[in-house]
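Q: Numbering (mature numbering (1 follows the signal peptide of the UniProt record, and there is no 0)), first residue to last: -23 to -1, 1 to 661.
In this text, a Cβ means the ideal position worked out from N, Cα and C, and glycines have one as well.
Printed below as a string of structure tokens:
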């Protein structure tokens, strides 16, 4: 696979969440005659005012010699501007913003419930350093080394060039190569004064898996820039002949949704009802819907998600929303207008809840009343976390179960308080909780004398924002997901972003006529962003209807009450394309989309099996004479001293998959290194 080089990511709050073997922010450079495989890259940018924070996660597969990653940036970066991050952050962003598939069951038409109508989207998902200047290396006078420092496994050099051939010469003199045609595209960026961030990596400091794949520590850098744009022209040199690439852009910004200023914009159709069998082929359905949307809006960039980063509905997991701590890691700590609030939300905190079982009390005291009163005073108990913070060493326990025993006096006041040994090894915390319990008052026990109560307390350390019912600092950030798909001729200009009005759509909300909202609706500046790609399987009521006035169309969870997480469509670049959109959606959605209804397309494996069966029948009819002759000459299978191997191009025939393994980086410029072609077929 060719090495890739991106254009400068000027001032943007965007994230590229690619599927395997596509968009890469920066280019890998390696010694001549080497091969590197850019399997996956995730980029997240945060934008506020002029500040941009760029975070990248890169994977490579290649020989065990050093290579470098080069990213143009608008300013000289210092060591304080660059960090390494946890890789889990990037999957969190992609999962939160991915299209969802949910399921609803019609409730009993004669029942007294109203399902989920008007309750939002709740449904059941289908599981599915120093600075200096000089002549550069190799005696090239047009290149200046502006800074050098180390971070994680990276050795970083910041370069500037006074002419477009400077970087080319610097790389060549250091054993790297840039292909023909790069200089004219590099020229405007060099003339604009871009710097070049070169992060060298020593593979000896990187862990490889069994497949030779290494996940480098994610890099984060921040800088200030006037323009909010994503230069992509440099990457078009890498576009495969006749092939297309996907660019998924996530923008995290306070209270602001973004769209393109210099390209058409469109929204992905949402709130479509789909057939039950779509659950097993959700990825194929979604790429067919996406391709249909592009056919209707040529050249457009598609908005797939715009929602508060601190919430979701339905959520693709119990803790899918981004936390203030995660936003700080992604760059919120260097946003002057947001860092203080994010830090306040992300400070360590603690929840205290009485256990749902195991509450015991002497006669005359209702255990459930005790439990409710303790729960009502949970905040007083939880404040012990902050009260003892300065008294305990780092790493002290704040999570676990404490077996609490106390007495309720005849006046209703709490008398003796005792905490059993074990549970949470934190004496200052235990003392504080005991003291706070003595402040509580309960109903007077019935009968004479004090009553004893045994109550397990469940403690869990968390962020302050996680235990708050009020809007959090994370909720102020809007997460926008933009999706472009194009070939080498598809983008003539860099992507320039502009703020846009709030948008809603993809919710289980009814209008005045009782119909579920359709499509996207852009509101005024004071509205909320609640838009997502959401697709629904509905199971109509099949039981008896034995009332005079049945009410149809009340939707909720399954009869047995099971609640699965929504299925999300991720990593779709290698998903089979070309399936009929009309075969996935219901009649009502066929009309909404303006497509033709059709029978379900066969699954890829079914197509392959059919092709094999057909070929087998043909071989029986036409090749019987040859088989007898071949049998005499062929060595015995697995016989000692012999070997056998088989290869069939037909294994991938008919699947319609693009050769995306050979697709080069969207934002990158390929170096003159050879690469192997790979074909990978996966489902969403």
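#1: What whole-angstrom Cβ distance do residue 201 and residue 28 have, given they're in contact under 8 Å?
#2: Would you call the stretch 279 to 293 in contact with the stretch 242 to 262, where contact means no fewer than 3 C-beta pairs closer than 8 Å?
#3: What residue range does the beta strand (DSSP E) around residue 472 cover?
#4: Assuming residue 476 and residue 131 make a contact with CB atoms under 8 Å, what is their CB distance in whole Å?
#5: Under a Cβ-count criterion, where at least 16 other Cβ atoms within 10 Å of its own Cβ denotes burial, should residue 184 be classed as buried or exposed?
#6: Compare the Cα-Cα distances from residue 452 to each of 415, 197, 318 and 355 and report the closest residue.
#7: Just to confirm, are residue 286 and residue 229 a CB contact at a threshold of 8 Å?
#8: Can you name the residues that DSSP bridges to residue 137?
#9: Give a yes or no on contact between the stretch 391 to 411 and the stretch 337 to 347, applying the rule of three or more CB pairs nearer than 8 Å.
#10: Whole angstroms are fine: how far does the CA of residue 119 sit from the CA of residue 55?
#11: Taking only the alpha-carbon atoms, compute the straight-line gap between residue 209 and residue 463 and give it to the nearest angstrom.
#12: Rounded to the nearest angstrom, what separates residue 71 and residue 522 at their Cα positions?
#13: Please state whether DSSP places residue 197 in a helix, a strand or coil.
#14: Taking its Cβ as the centre, do 16 or more other Cβ atoms sit within 10 Å of residue 80, making it buried, or is it exposed?
#15: What's the call for residue 701, buried or exposed, on a 16-neighbour Cβ count within 10 Å?
#16: CA-CA distance, residue 428 and residue 349?
#17: What did DSSP end up calling residue 67 once you bin it into helix, strand or coil?
#18: Quick check: what's the CA-CA separation for residue 529 versus residue 267?
#19: Would you kindly report the start and end of the unbroken alpha helix (DSSP H) that includes residue 481?
#20: Roughly how many angstroms lie between the CA atoms of residue 449 and residue 378, to the nearest whole one?
#21: Just tell me which of 33, 414 and 77 has its CA closest to the CA of residue 262.
#22: Where are the alpha helix (DSSP H) runs, 4 residues long or more, that stay fully inside the stretch 323 to 363, in chain order?
#23: With DSSP as the reference, please indicate the residues paired to residue 533 in a beta bridge.
#24: Going by DSSP, which residues form a beta bridge with residue 245?
#25: I need the DSSP call for residue 518, collapsed to helix, strand or coil.
#26: Return yes when the Cβ of residue 66 is within less than 8 Å of the Cβ of residue 271, no when it is not.
#27: Look up residue 269 in the DSSP assignment and give the residues it is bridged to.
#28: Touch check for the stretch 325 to 334 and the stretch 296 to 304: three-plus C-beta pairs under 8 Å?
#29: Candidates 162, 404, 559 and 419: which alpha carbon is nearest residue 575's?
#30: Straight-line CA distance for residue 125 to residue 57?
#31: Figure out for me which residue from 205, 405 and 356 has the closest Cα to the Cα of residue 25.
#32: Just verifying my parser: in three-state terms, what is the DSSP assignment at residue 453?
#33: For residue 396, report the span of its beta strand (DSSP E) as first-last.
#34: So, is residue 364 buried or exposed, given that buried needs 16 or more other C-beta atoms within 10 angstroms?
#35: Using beta-carbon positions only, say whether residue 389 and residue 423 come within less than 8 Å of one another.
#36: Just the Cα atoms here: how many angstroms apart are residue 491 and residue 531?
A: On the basis of the supplied data:
#1: Confirmed, Cβ separation roughly 6 Å.
#2: Judged by Cβ distances under 8 Å, the stretch 279 to 293 makes contact with the stretch 242 to 262, as three or more pairs qualify.
#3: For residue 472, the enclosing beta strand (DSSP E) stretches over residues 472 to 477.
#4: That pair is no contact at about 34 Å.
#5: Result: exposed.
#6: Out of 415, 197, 318 and 355, 318 has the C-alpha closest to the C-alpha of residue 452.
#7: In this structure, residue 229 lies closer than 8 Å to residue 286 by Cβ.
#8: In the DSSP assignment, residue 137 is bridged to 121 and 172.
#9: Under the 8 Å Cβ criterion, the stretch 391 to 411 does not count as touching the stretch 337 to 347, having fewer than three qualifying pairs.
#10: Spanning the two alpha carbons is a distance of roughly 21 Å.
#11: Distance between the alpha carbons of residue 209 and residue 463: 11 Å.
#12: Residue 71 and residue 522: Cα-Cα distance of roughly 43 Å.
#13: Strand at residue 197.
#14: With 16 or more other CB atoms across the displayed protein chains lying within 10 angstroms of its CB, residue 80 is buried.
#15: Examination of residue 701 is not possible in this model, given that the chain is present from -23 through 661 alone.
#16: Rounded to the nearest whole angstrom, the CA to CA distance from residue 428 to residue 349 is 17 Å.
#17: Residue state, collapsed to three classes: helix.
#18: When rounded, the distance between both Cα atoms is 32 Å.
#19: DSSP places residue 481 in no alpha helix (DSSP H) but in the uninterrupted beta strand (DSSP E) bounded by 480 to 482.
#20: Roughly 27 Å separates the two Cα atoms.
#21: Residue 262 has its Cα closest to that of 77, out of 33, 414 and 77.
#22: 344 to 353 and 355 to 359, all fully within the stretch 323 to 363.
#23: 82.
#24: Looking at the DSSP assignment, residue 245 forms no beta bridge with any residue, so it has no partner.
#25: The answer is coil: DSSP assigns residue 518 none of H, G, I, E or B.
#26: The answer is no: Cβ separation not under 8 Å.
#27: Note: residue 269 sits in no beta bridge, so no partner.
#28: Judged by Cβ distances under 8 Å, the stretch 325 to 334 makes no contact with the stretch 296 to 304, as fewer than three pairs qualify.
#29: Checking every option, the nearest Cα to that of residue 575 belongs to 559.
#30: If I take the Cα positions, the gap works out to 12 Å.
#31: Of the listed residues, the one whose Cα sits closest to residue 25 is 205.
#32: If DSSP states are grouped into helix, strand and coil, residue 453 belongs with the helices.
#33: Segment 391 to 396, the beta strand (DSSP E) holding residue 396.
#34: Flag for residue 364 reads exposed.
#35: No, these two residues do not count as a Cβ contact at 8 Å.
#36: If you take the alpha carbons of residue 491 and residue 531, they lie about 11 Å apart.
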